[in-house]
(Lines of atoms letter the chains of each structure in order from A and count residues from 1; the text may use other names and numbers.)
(Lines give C-alpha, C1' and ligand atoms only; values in the text may rest on other atoms or scores of the structure.)
Protein backbone atom coordinates (compact mmCIF):
# COMPACT_ATOMS: atom_id res chain seq x y z
CA UNK A 1 0.00 0.00 0.00
CA UNK A 2 1.46 3.32 -1.10
CA UNK A 3 -0.74 6.41 -0.41
CA UNK A 4 -0.54 9.21 -2.98
CA UNK A 5 -0.03 12.81 -1.83
CA UNK A 6 -2.33 15.27 -3.62
CA UNK A 7 -2.49 19.05 -3.55
CA UNK A 8 -5.88 20.71 -3.09
CA UNK A 9 -6.08 21.56 -6.80
CA UNK A 10 -5.75 17.85 -7.66
CA UNK A 11 -8.62 16.72 -5.40
CA UNK A 12 -12.05 16.13 -6.88
CA UNK A 13 -14.40 17.74 -4.30
CA UNK A 14 -17.47 15.79 -5.36
CA UNK A 15 -15.75 12.41 -5.18
CA UNK A 16 -14.04 13.39 -1.93
CA UNK A 17 -17.24 14.49 -0.20
CA UNK A 18 -19.09 11.32 -1.25
CA UNK A 19 -16.42 9.22 0.48
CA UNK A 20 -16.49 11.38 3.64
CA UNK A 21 -20.31 11.12 3.78
CA UNK A 22 -20.19 7.30 3.40
CA UNK A 23 -17.25 6.73 5.78
CA UNK A 24 -17.75 4.62 8.88
CA UNK A 25 -16.29 7.51 10.89
CA UNK A 26 -17.96 10.30 8.91
CA UNK A 27 -17.79 13.75 10.50
CA UNK A 28 -18.26 17.18 8.95
CA UNK A 29 -14.67 18.21 9.73
CA UNK A 30 -13.59 16.08 6.77
CA UNK A 31 -15.72 17.64 4.02
CA UNK A 32 -13.93 19.68 1.38
CA UNK A 33 -16.12 22.75 1.97
CA UNK A 34 -15.27 22.69 5.69
CA UNK A 35 -11.54 22.25 5.06
CA UNK A 36 -11.58 25.01 2.43
CA UNK A 37 -13.00 27.35 5.07
CA UNK A 38 -10.79 26.61 8.09
CA UNK A 39 -7.43 25.73 6.49
CA UNK A 40 -4.81 28.08 5.10
CA UNK A 41 -4.32 25.29 2.57
CA UNK A 42 -4.64 21.52 2.59
CA UNK A 43 -3.35 18.43 0.89
CA UNK A 44 -4.34 14.80 1.27
CA UNK A 45 -3.01 11.28 1.26
CA UNK A 46 -5.26 9.05 -0.85
CA UNK A 47 -5.28 5.38 -1.78
CA UNK A 48 -5.22 3.55 -4.15
CA UNK A 49 -4.78 6.34 -6.72
CA UNK A 50 -5.33 10.01 -7.53
CA UNK A 51 -8.46 9.05 -9.49
CA UNK A 52 -9.91 6.49 -7.08
CA UNK A 53 -10.51 7.32 -3.40
CA UNK A 54 -11.05 4.43 -1.01
CA UNK A 55 -8.91 5.75 1.84
CA UNK A 56 -8.21 9.44 2.41
CA UNK A 57 -6.39 11.49 5.04
CA UNK A 58 -6.85 15.29 4.87
CA UNK A 59 -3.70 17.25 5.76
CA UNK A 60 -4.13 20.95 6.72
CA UNK A 61 -0.91 22.82 5.96
CA UNK A 62 0.60 26.25 6.37
CA UNK A 63 3.98 27.60 5.31
CA UNK A 64 6.29 28.81 8.08
CA UNK A 65 10.03 29.52 7.91
CA UNK A 66 10.08 28.03 4.44
CA UNK A 67 8.61 24.75 5.72
CA UNK A 68 5.26 23.11 5.10
CA UNK A 69 3.76 22.62 8.55
CA UNK A 70 1.00 20.13 9.26
CA UNK A 71 -1.40 21.63 11.80
CA UNK A 72 -4.86 21.32 13.37
CA UNK A 73 -6.96 24.33 12.33
CA UNK A 74 -9.23 26.28 14.66
CA UNK A 75 -12.81 24.95 14.84
CA UNK A 76 -11.61 21.56 13.54
CA UNK A 77 -11.38 19.23 16.52
CA UNK A 78 -10.00 16.15 14.77
CA UNK A 79 -9.49 14.55 11.36
CA UNK A 80 -7.66 11.32 10.50
CA UNK A 81 -8.20 8.55 7.95
CA UNK A 82 -11.62 8.15 6.33
CA UNK A 83 -12.92 5.03 4.65
CA UNK A 84 -16.13 3.09 4.06
CA UNK A 85 -14.40 0.13 5.75
CA UNK A 86 -12.83 -0.25 9.17
CA UNK A 87 -9.36 1.26 9.59
CA UNK A 88 -6.93 -1.39 10.78
CA UNK A 89 -3.64 -1.00 12.66
CA UNK A 90 -1.80 -1.86 9.44
CA UNK A 91 -3.59 0.84 7.43
CA UNK A 92 -3.01 3.43 10.17
CA UNK A 93 0.68 2.54 10.23
CA UNK A 94 1.06 2.99 6.47
CA UNK A 95 -0.65 6.39 6.46
CA UNK A 96 1.29 7.57 9.52
CA UNK A 97 4.59 6.56 7.93
CA UNK A 98 3.70 8.40 4.72
CA UNK A 99 2.59 11.47 6.65
CA UNK A 100 5.81 11.58 8.69
CA UNK A 101 7.94 11.21 5.58
CA UNK A 102 6.29 14.23 3.93
CA UNK A 103 6.36 16.62 6.92
CA UNK A 104 9.41 17.47 9.00
CA UNK A 105 7.28 19.64 11.31
CA UNK A 106 3.86 18.71 12.69
CA UNK A 107 2.60 21.29 15.15
CA UNK A 108 -0.38 19.05 15.93
CA UNK A 109 -2.71 16.64 14.19
CA UNK A 110 -5.65 14.97 15.93
CA UNK A 111 -7.32 11.71 14.97
CA UNK A 112 -11.02 10.90 15.08
CA UNK A 113 -11.90 9.09 18.36
CA UNK A 114 -13.00 6.02 16.40
CA UNK A 115 -9.41 5.65 15.12
CA UNK A 116 -7.71 5.48 18.53
CA UNK A 117 -7.47 1.67 18.62
CA UNK A 118 -5.81 1.62 15.19
CA UNK A 119 -3.56 4.66 15.60
CA UNK A 120 -2.11 4.17 19.09
CA UNK A 121 -0.33 0.83 18.46
CA UNK A 122 1.19 2.26 15.26
CA UNK A 123 2.62 5.33 16.99
CA UNK A 124 5.03 3.22 19.03
CA UNK A 125 7.00 2.53 15.83
CA UNK A 126 7.86 6.20 15.24
CA UNK A 127 10.34 7.68 17.70
CA UNK A 128 10.18 11.12 16.06
CA UNK A 129 6.48 11.44 16.91
CA UNK A 130 5.13 12.64 20.24
CA UNK A 131 1.50 12.05 21.08
CA UNK A 132 -0.97 12.92 23.81
CA UNK A 133 -4.44 11.70 24.63
CA UNK A 134 -7.05 14.41 24.63
CA UNK A 135 -10.75 14.10 25.27
CA UNK A 136 -13.98 15.62 24.23
CA UNK A 137 -17.35 15.14 25.88
CA UNK A 138 -20.40 13.75 24.10
CA UNK A 139 -24.05 13.40 24.95
CA UNK A 140 -26.35 11.01 23.10
CA UNK A 141 -29.84 12.45 22.87
CA UNK A 142 -31.21 8.96 22.26
CA UNK A 143 -30.27 7.97 25.82
CA UNK A 144 -31.47 9.17 29.21
CA UNK A 145 -28.23 10.86 30.27
CA UNK A 146 -29.40 13.02 33.14
CA UNK A 147 -27.99 16.29 34.44
CA UNK A 148 -26.27 16.22 37.81
CA UNK A 149 -27.80 17.95 40.84
CA UNK A 150 -25.77 21.14 40.39
CA UNK A 151 -26.81 21.54 36.73
CA UNK A 152 -30.49 20.94 37.61
CA UNK A 153 -30.28 23.63 40.29
CA UNK A 154 -28.62 26.13 37.93
CA UNK A 155 -31.15 25.36 35.22
CA UNK A 156 -33.99 26.24 37.61
CA UNK A 157 -32.22 29.50 38.45
CA UNK A 158 -31.73 30.23 34.76
CA UNK A 159 -35.41 29.66 34.00
CA UNK A 160 -36.33 31.99 36.86
CA UNK A 161 -34.20 34.72 35.23
CA UNK A 162 -36.84 34.91 32.45
CA UNK A 163 -34.42 34.98 29.56
CA UNK A 164 -35.80 35.84 26.15
CA UNK A 165 -34.30 33.27 23.77
CA UNK A 166 -34.23 34.21 20.09
CA UNK A 167 -32.65 32.89 16.90
CA UNK A 168 -29.70 35.00 15.75
CA UNK A 169 -29.15 36.31 12.26
CA UNK A 170 -25.42 37.12 12.40
CA UNK A 171 -22.50 36.42 14.72
CA UNK A 172 -21.54 40.04 15.47
CA UNK A 173 -23.03 40.08 18.99
CA UNK A 174 -21.60 36.66 19.82
CA UNK A 175 -18.11 37.63 18.69
CA UNK A 176 -18.33 40.93 20.58
CA UNK A 177 -19.31 39.13 23.81
CA UNK A 178 -16.45 36.68 23.40
CA UNK A 179 -13.90 39.37 22.54
CA UNK A 180 -14.78 41.47 25.57
CA UNK A 181 -15.45 38.81 28.20
CA UNK A 182 -13.42 35.70 27.23
CA UNK A 183 -10.53 36.33 24.84
CA UNK A 184 -8.32 37.86 27.54
CA UNK A 185 -8.27 34.51 29.35
CA UNK A 186 -6.86 32.66 26.34
CA UNK A 187 -3.09 32.29 26.19
CA UNK A 188 -1.77 34.12 23.16
CA UNK A 189 -5.12 35.82 22.58
CA UNK A 190 -7.49 35.29 19.68
CA UNK A 191 -6.70 36.46 16.17
CA UNK A 192 -9.16 38.54 14.19
CA UNK A 193 -8.76 35.94 11.43
CA UNK A 194 -10.31 33.31 13.71
CA UNK A 195 -13.45 35.40 14.05
CA UNK A 196 -13.61 35.81 10.28
CA UNK A 197 -13.29 32.05 9.80
CA UNK A 198 -16.16 31.54 12.24
CA UNK A 199 -18.37 33.89 10.24
CA UNK A 200 -17.52 32.01 7.03
CA UNK A 201 -18.31 28.68 8.70
CA UNK A 202 -21.77 29.89 9.69
CA UNK A 203 -22.43 30.76 6.04
CA UNK A 204 -21.08 27.36 4.92
CA UNK A 205 -23.27 25.42 7.37
CA UNK A 206 -26.36 27.36 6.38
CA UNK A 207 -25.65 26.10 2.85
CA UNK A 208 -24.46 22.54 3.53
CA UNK A 209 -25.76 21.62 6.99
CA UNK A 210 -27.38 23.46 9.86
CA UNK A 211 -26.16 26.36 12.01
CA UNK A 212 -28.10 27.15 15.17
CA UNK A 213 -27.29 30.61 16.56
CA UNK A 214 -29.24 31.72 19.62
CA UNK A 215 -29.09 34.70 21.94
CA UNK A 216 -30.40 35.26 25.47
CA UNK A 217 -31.53 38.76 26.31
CA UNK A 218 -33.28 40.80 28.98
CA UNK A 219 -35.04 44.08 28.19
CA UNK A 220 -33.68 43.95 24.65
CA UNK A 221 -30.01 43.62 25.69
CA UNK A 222 -28.11 40.46 24.69
CA UNK A 223 -26.10 38.87 27.49
CA UNK A 224 -25.19 35.43 26.07
CA UNK A 225 -25.10 33.45 22.86
CA UNK A 226 -24.44 29.92 21.63
CA UNK A 227 -23.55 28.51 18.20
CA UNK A 228 -24.12 24.87 17.25
CA UNK A 229 -23.13 23.24 13.95
CA UNK A 230 -24.95 20.14 12.81
CA UNK A 231 -24.53 17.78 9.90
CA UNK A 232 -26.66 14.64 9.84
CA UNK A 233 -26.86 13.10 13.30
CA UNK A 234 -23.78 14.87 14.64
CA UNK A 235 -23.86 18.28 16.32
CA UNK A 236 -20.99 20.30 17.80
CA UNK A 237 -21.16 23.08 20.39
CA UNK A 238 -18.70 25.16 18.41
CA UNK A 239 -18.78 28.57 20.14
CA UNK A 240 -20.40 30.41 23.03
CA UNK A 241 -20.02 33.60 25.04
CA UNK A 242 -21.66 35.42 27.94
CA UNK A 243 -21.12 38.55 29.97
CA UNK A 244 -21.28 38.52 33.79
CA UNK A 245 -25.08 38.79 33.86
CA UNK A 246 -25.36 35.96 31.34
CA UNK A 247 -23.03 33.71 33.35
CA UNK A 248 -24.67 34.40 36.71
CA UNK A 249 -28.09 33.94 35.15
CA UNK A 250 -27.11 30.58 33.59
CA UNK A 251 -28.22 31.75 30.15
CA UNK A 252 -26.13 29.21 28.22
CA UNK A 253 -27.50 26.39 30.37
CA UNK A 254 -31.05 27.45 29.48
CA UNK A 255 -30.26 27.64 25.76
CA UNK A 256 -28.51 24.26 25.72
CA UNK A 257 -31.36 22.67 27.66
CA UNK A 258 -33.85 24.04 25.11
CA UNK A 259 -31.78 22.54 22.27
CA UNK A 260 -31.61 19.15 24.01
CA UNK A 261 -35.36 19.13 24.64
CA UNK A 262 -36.04 19.92 20.97
CA UNK A 263 -34.02 16.87 19.89
CA UNK A 264 -34.75 14.54 22.80
CA UNK A 265 -35.13 10.90 21.78
CA UNK A 266 -33.49 11.39 18.38
CA UNK A 267 -30.26 9.77 17.14
CA UNK A 268 -28.39 13.06 17.49
CA UNK A 269 -24.93 12.84 19.05
CA UNK A 270 -24.00 16.15 20.67
CA UNK A 271 -20.28 16.95 21.00
CA UNK A 272 -19.35 19.69 23.46
CA UNK A 273 -15.92 19.96 21.78
CA UNK A 274 -14.55 20.14 25.29
CA UNK A 275 -11.52 22.31 25.93
CA UNK A 276 -8.73 20.62 27.85
CA UNK A 277 -9.54 22.69 30.94
CA UNK A 278 -10.84 20.95 34.09
CA UNK A 279 -13.48 23.57 34.99
CA UNK A 280 -14.87 23.67 31.42
CA UNK A 281 -14.91 19.90 31.25
CA UNK A 282 -16.73 19.71 34.59
CA UNK A 283 -19.38 22.15 33.29
CA UNK A 284 -20.05 20.01 30.22
CA UNK A 285 -19.96 16.82 32.25
CA UNK A 286 -22.77 18.15 34.43
CA UNK A 287 -25.18 17.80 31.46
CA UNK A 288 -24.69 14.02 31.37
CA UNK A 289 -22.82 12.10 28.71
CA UNK A 290 -19.46 10.42 28.37
CA UNK A 291 -15.78 11.24 27.98
CA UNK A 292 -14.51 10.45 24.49
CA UNK A 293 -10.70 10.22 24.11
CA UNK A 294 -8.77 10.88 20.93
CA UNK A 295 -5.07 10.97 19.96
CA UNK A 296 -3.13 14.07 18.90
CA UNK A 297 0.38 13.81 17.43
CA UNK A 298 3.23 16.28 16.95
CA UNK A 299 6.72 16.36 15.46
CA UNK A 300 8.43 19.58 16.52
CA UNK A 301 12.16 18.95 16.89
CA UNK A 302 13.70 21.62 14.66
CA UNK A 303 17.44 22.20 14.51
CA UNK A 304 19.16 25.58 14.97
CA UNK A 305 18.54 28.21 13.61
CA UNK A 306 14.99 27.13 12.70
CA UNK A 307 14.06 26.53 16.34
CA UNK A 308 15.25 30.05 17.24
CA UNK A 309 13.22 31.65 14.45
CA UNK A 310 10.19 29.59 15.45
CA UNK A 311 10.34 30.94 19.02
CA UNK A 312 10.77 34.50 17.74
CA UNK A 313 7.83 34.08 15.39
CA UNK A 314 5.57 32.88 18.22
CA UNK A 315 6.46 35.97 20.25
CA UNK A 316 5.69 38.29 17.33
CA UNK A 317 2.37 36.54 16.67
CA UNK A 318 1.27 37.01 20.30
CA UNK A 319 2.17 40.69 20.13
CA UNK A 320 0.36 41.16 16.82
CA UNK A 321 -2.77 39.42 18.09
CA UNK A 322 -2.89 41.65 21.16
CA UNK A 323 -2.67 44.77 19.01
CA UNK A 324 -5.28 43.55 16.52
CA UNK A 325 -7.66 42.65 19.34
CA UNK A 326 -7.43 46.21 20.70
CA UNK A 327 -8.22 47.58 17.22
CA UNK A 328 -11.07 45.08 16.78
CA UNK A 329 -12.70 46.15 20.05
CA UNK A 330 -12.53 49.81 19.11
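Numbering (this note's numbering), first residue to last: 31 to 360. Each residue gets a CB set at the ideal place from its N, CA and C atoms; glycine is no exception. Remember, predicted model here, so these are calculated numbers, not experimental data.
Relative to the C-alpha of residue 286, which residue among 308, 129, 258 and 140 is closest? 258
Span separating the alpha-carbon of residue 196 from that of residue 129: 45 Å
Comparing alpha-carbon positions, which option in 84, 45, 52 and 159 lies nearest residue 32? 84
Those residues which DSSP pairs with residue 72 across a bridge: 90
Can you tell me the Cα-Cα spacing of residue 124 and residue 290, whole angstroms? 40 Å
From residue 207 to residue 119, what does the alpha carbon distance come to, in whole angstroms? 45 Å
Looking at C-alpha atoms only, which residue of 160, 98 and 171 is the closest neighbour of residue 292? 171
Hey, how far is the Cα of residue 169 from the Cα of residue 318? 6 Å
Using only the alpha-carbon positions, how far apart do residue 240 and residue 320 sit? 24 Å
Which parts of the segment 163-224 are runs of the beta strand (DSSP E), unbroken and 3 residues or longer, counting only runs that do not cross its ends? 194-197
Where does residue 253 fall in DSSP's three states? strand
From residue 55 to residue 249, what does the alpha carbon distance come to, in whole angstroms? Rounded to the nearest angstrom, the two C-alpha atoms are 45 Å apart.
Helix, strand or coil for residue 281? Go by DSSP, reduced to three states. helix
According to DSSP, is residue 290 part of a helix, a strand, or is it coil? helix
According to the neighbour-count rule (16 or more other Cβ atoms, all chains shown, within 10 Å of its Cβ), is residue 102 buried or exposed? buried
What runs of the beta strand (DSSP E), each 3 residues or longer, lie entirely inside the segment 292-332? 299-301 and 320-329
Have a look at residue 187 and residue 205 and give me their C-alpha separation to the nearest angstrom. 26 Å
Rounded to whole angstroms, how far is the Cβ of residue 164 from the Cβ of residue 315, which I believe are closer than 8 Å? Actually they are not in contact, since the Cβ atoms of residue 164 and residue 315 sit about 15 Å apart, beyond 8 Å.
Spatial neighbours of residue 79 within its chain, please: CB distance less than 7 Å, with the 5 preceding and 5 following residues excluded, ordered by chain position. 34
Taking contact to mean at least 3 C-beta pairs separated by less than 8 Å, is the segment 58-73 in contact with the segment 95-115? yes
Boundaries (first-last residue) of the beta strand (DSSP E) holding residue 125: Note, residue 125: premise wrong, no beta strand (DSSP E); alpha helix (DSSP H) at 119-132.
Under 8 Å between C-beta atoms of residue 166 and residue 304: yes
Distance, residue 91 Cα to residue 278 Cα: 41 Å
Return helix, strand or coil for residue 53, following the three-state DSSP convention. coil
CA-to-CA distance, residue 157 to residue 245, given in whole angstroms: 48 Å
Just checking: is the beta-carbon of residue 136 within a distance shorter than 8 Å of some beta-carbon in chain C? Within the model displayed, chain C is absent; a lone protein chain is all it includes.
Residue 148 - containing beta strand (DSSP E), residue span: Premise fails: residue 148 lies in the alpha helix (DSSP H), 146-153, not in any beta strand (DSSP E).
Nearest-angstrom Cβ-Cβ length linking residue 270 and residue 252, presumed shorter than 8 Å: In fact, because the Cβ distance is near 13 Å, the residues do not count as touching under 8 Å.
On the CB-based measure, 16 or more other CB atoms within 10 Å of its CB, does residue 272 come out buried or exposed? With 16 or more other Cβ atoms within 10 Å, it is buried.
If you run the structure through DSSP and keep just helix, strand and coil, what is residue 268? The three-state reading of DSSP puts residue 268 in strand, counting E and B together.
Count the CB pairs spanning the segment 61-77 and the segment 36-45 that are closer than 8 Å, and state whether there are at least three. yes
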